Amino acid sequence: VASATLRAADGTDKGTASLTSSGTSLSLALSVSGLPAGEHGAHLHTVGSCDAPAFTTAGAHLNPHGKQHGTQNPQGSHLGDLPNLMVAADGTGSLTIPLVGTTAEIEALLFDADGTALVVHAGPDDYLTDPSGNSGGRIACGVLKRS
């Protein structure tokens with residue numbers, strides 16, 4: 001359905017994201033390399049823009065329903081909240097997750113007028129703290145584009 005190339009602030013490729021359809025649902029797969037080992041927050045952000053160095057042009061987390069951040073937050077979670085990405089000692093990691101909602105709903109939100117970015121953060125998401133899970137700076141970013 002869509003894909004993104006994730007890049008660091010210096011422009012180097014750090015991985016890919018792909019959005020695939022299966023029946024009436026969508027899944028997001030993320031594969032990275034060359035990132036620091038450990039847990040990293042990963043989120044869908046409201047704007048399809050990845051201007052370096054801080055990637056702040058990607059905006060906030062994708063939150064069309066006005067929820068709080070995090071799967072452990074009783075007021076959450078955002079559509080853009082994803083599980084932490086585990087990066088091994090060799091700098092590689094991957095993550096696949098189904099997105100909640102129908103294909104039509106999710107596509108309308110992801111491919112609106114300003115698009116959607118996928119951002120990898122420097123630290124782990126605590127799944128609770130609003131608005132971003134205390135996941136630190138943005139270290140890689142890619143814009144989802146229809147295939």
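Residue numbers (the numbering used here): 1 to 147.
No residue lacks a Cβ here, since even glycine has one placed at the ideal position from N, Cα and C.
Small disclaimer: the values here were computed from a predicted structure and weren't measured.
The Cβ atoms of S132 and H40 lie no closer than 9 angstroms to each other. Here DSSP, grouped into helix, strand and coil, assigns L35 to coil.
If you ignore the 5 residues before and after T12, its C-beta comes within less than 8 angstroms of the C-beta of G34, all in its own chain and listed in chain order. For the 9 angstroms CB-CB criterion, L110 and H43 do not form a contact. Taking all protein chains in view, the Cβ of H61 is crowded by 16 or more other Cβ atoms within 10 Å, so the residue is classified as buried. Looking at the DSSP output, H40 shares a beta bridge with L85.
Contact check for G80 against N63 passes: the beta carbons are separated by less than 9 angstroms. Its chain contains H121, A122, G123 as the residues whose beta carbon lies nearer than 6 angstroms to that of G136, once the 5 sequence neighbours on both sides are disregarded; these appear in chain order. Judged by their CB atoms, L95 and L30 are nearer to each other than the 9 angstroms cut-off.
Put simply, of V1, G23, P36, L26 the residue whose alpha carbon is nearest the alpha carbon of G15 is P36.
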